[in-house]
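To start, the structure under review is shown below, and the notes come after it.
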Amino acid sequence: MSPSPVIRQRLEESRDLAQTLAAAHDAFNAMLSVFDSYQNGSGPFYAALVMAGPAAADGRNTVAMAPSLPPPERDRPWPLEPAHEPAAEEAADTVAVIAALAARKLRIAAAAASSAADRSACVEAAQYADEVRGLVTGTGP
Numbered sequence: 010m011s012p013s014p015v016i017r018q019r020l021e022e023s024r025d026l027a028q029t030l031a032a033a034h035d036a037f038n039a040m041l042s043v044f045d046s047y048q049n050g051s052g053p054f055y056a057a058l059v060m061a062g063p064a065a066a067d068g069r070n071t072v073a074m075a076p077s078l079p080p081p082e083r084d085r086p087w088p089l090e091p092a093h094e095p096a097a098e099e100a101a102d103t104v105a106v107i108a109a110l111a112a113r114k115l116r117i118a119a120a121a122a123s124s125a126a127d128r129s130a131c132v133e134a135a136q137y138a139d140e141v142r143g144l145v146t147g148t149g150p
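Residue numbers for the sequence shown follow our numbering, so the first one is 10 and each next one is one higher.
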């Protein structure tokens, strides 16, 4: 099973700051997992997938600094590895959808956050998600 349905569902269902931060953190980790699987690849989307890696790592690290990020749930099953390695174009499409959703949810969370540190982390992480989406779709960072 690909991580995208699980991640997408968690992002869509996140209703508060803590849920959104946790889902976004996992989304950035899922993106990095996809990018790692293409490190030795080639093809038209190879460069975009590799170039988007640093932005995804920066997004994850930014979310990790948010004071309201809850500790990881130990009992929550979450498959990081897809059952099959999708073609690079399919992987880029999946990452673009997840990145766009993460950016949108992080902006909503930023608007509702009471602390400046949480607002800043959400806004900055949303910008990194936008950068990832731009790189994997070829629309720019």
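Note that CB positions come from ideal geometry on N, CA and C, so glycine has one too.
Residue from the options with nearest C-alpha to residue i
| i | options | result |
| --- | --- | --- |
| A130 | A36, P76 and N38 | P76 |
| R19 | A61, D67, A125 and K114 | K114 |
| S124 | R17, I16 and L26 | L26 |
| T29 | E140, I107, T103 and G147 | I107 |
| E133 | S13, P14 and A73 | A73 |
Exposure of residue i, with buried meaning 16 or more beta-carbon neighbours within 10 Å
| i | result |
| --- | --- |
| T71 | buried |
| D45 | exposed |
| E21 | exposed |
| E140 | buried |
CB-CB length for residue i against residue j, believed under 8 Å
| i | j | result |
| --- | --- | --- |
| R142 | A109 | 5 Å |
| S13 | T103 | 5 Å |
Contacts around residue i, its chain only, beta-carbon distance under 7 Å, and the 5 residues preceding and following it disregarded
| i | result |
| --- | --- |
| D5 | Here the chain has residues from 10 to 150 only, and residue 5 is not among them. |
| A57 | A101, L144, V145 and G147 |
Own chain partners of residue i with C-beta closer than 6 Å, once the 5 adjacent residues on each side are dropped
| i | result |
| --- | --- |
| Y137 | A64, D67 and G68 |
| A105 | R142, V145 and T146 |
Distance CB(residue i)-CB(residue j) smaller than 7 Å
| i | j | result |
| --- | --- | --- |
| A111 | A33 | yes |
Close Cβ partners of residue i (< 8 Å) along its chain, the five nearest in sequence each way excluded
| i | result |
| --- | --- |
| P81 | A31 |
| R17 | V106, I107 and L110 |
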